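Counting from 1 along the sequence shown, just add 1 to a position and that's the residue number in the numbering used here. Working notes, beginning with the structure itself.
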Amino acid sequence: MICSNFLFQENTPKMRSNARKIVAVLVLILLCQYSCKKAIQTAQEDFVVNLITSNLWTVTLYSENGTNQTALFAGYDFKFNKDLTVYGQLAGQPDAAGTWRGDASAMTITSAFPNGPAPLQKLTGIWNITRTTLSSVKSTRTENGVTYLLDLQKK
Numbered sequence: 002m003i004c005s006n007f008l009f010q011e012n013t014p015k016m017r018s019n020a021r022k023i024v025a026v027l028v029l030i031l032l033c034q035y036s037c038k039k040a041i042q043t044a045q046e047d048f049v050v051n052l053i054t055s056n057l058w059t060v061t062l063y064s065e066n067g068t069n070q071t072a073l074f075a076g077y078d079f080k081f082n083k084d085l086t087v088y089g090q091l092a093g094q095p096d097a098a099g100t101w102r103g104d105a106s107a108m109t110i111t112s113a114f115p116n117g118p119a120p121l122q123k124l125t126g127i128w129n130i131t132r133t134t135l136s137s138v139k140s141t142r143t144e145n146g147v148t149y150l151l152d153l154q155k156k
């Protein structure tokens with residue numbers, strides 16, 4: 002009876018106005034939580050992109066099914082750019098253009114060197130990041146039963 006009195010008999014315009022204000026505040030709080038979470042995620046992604054794009058990187062390990070083939074990348078430096086291009090640079094050779102895209106939530110990086118020299122084409126694919134620091138990235142990918150390992154080090 003008390004509940005029905007509250008809901009039906011004393012439902013005054015002032016109470017309805019207060020209820021609307023409470024609902025509005027709750028909606029605002031929910032929007033702020035989402036917005037803050039998104040802002041933090043964006044800041045983290047910006048930090049990672051800045052870290053990747055402000056340095057040159059070298060291959061410190063490349064292997065196919067346990068066979069070390071790191072020597073294929075000797076002398077190469079890689080320059081990642083914010084416009085999602087990447088260049089493989091080898092002294093005395095024209096830069097080899099490719100593309101890259103990182104996915105922080107999936108912990109992957111996709112790279113492609115469709116017109117690059119043979120060793121760089123081996124980097125084409127979706128790499129699963131297994132370990133990362135401010136100066137290194139370890140990744141792996143499996144394709145057609147072959148497991149590839151790729152480690153990059155900031156130069």
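In this text, a Cβ means the ideal position worked out from N, Cα and C, and glycines have one as well. Here the structure is a predicted model, which is why all the values come from computation and not from measurement.
DSSP-derived helix/strand/coil call for residue i
i, result
"threonine 59", "strand"
"asparagine 51", "helix"
"serine 136", "coil"
"glutamine 122", "helix"
"alanine 72", "helix"
CB-CB length for residue i against residue j, believed under 8 Å
i, j, result
"glutamine 154", "threonine 61", "5 Å"
"valine 87", "phenylalanine 79", "6 Å"
"threonine 100", "alanine 92", "About 23 Å; that fails the 8 Å criterion."
Inter-residue Cα distance where the pair is residue i and residue j
i, j, result
"threonine 148", "asparagine 82", "27 Å"
"proline 118", "alanine 97", "7 Å"
"leucine 150", "serine 140", "6 Å"
"leucine 90", "asparagine 116", "Looking at the sequence itself, residue 90 is glutamine, so the reference to leucine does not match. Whole-angstrom Cα-Cα distance: 14 Å."
"aspartate 84", "asparagine 66", "32 Å"
"glycine 103", "glycine 76", "24 Å"
"asparagine 129", "proline 95", "29 Å"
"aspartate 47", "asparagine 145", "34 Å"
"leucine 57", "isoleucine 23", "53 Å"
"threonine 109", "valine 50", "13 Å"
"threonine 143", "alanine 107", "16 Å"
"threonine 125", "arginine 132", "19 Å"
"isoleucine 127", "threonine 111", "4 Å"
"serine 64", "aspartate 152", "9 Å"
"lysine 177", "threonine 59", "This structure cannot settle anything about residue 177, because the visible part of the chain is limited to 2 through 156."
Beta-bridge partners of residue i, as assigned by DSSP
i, result
"tyrosine 77", "DSSP lists no partner for tyrosine 77."
"arginine 102", "Thr111"
"arginine 142", "Tyr149"
"lysine 155", "Trp58"
"isoleucine 130", "Ser140"
"glutamine 90", "Asp78"
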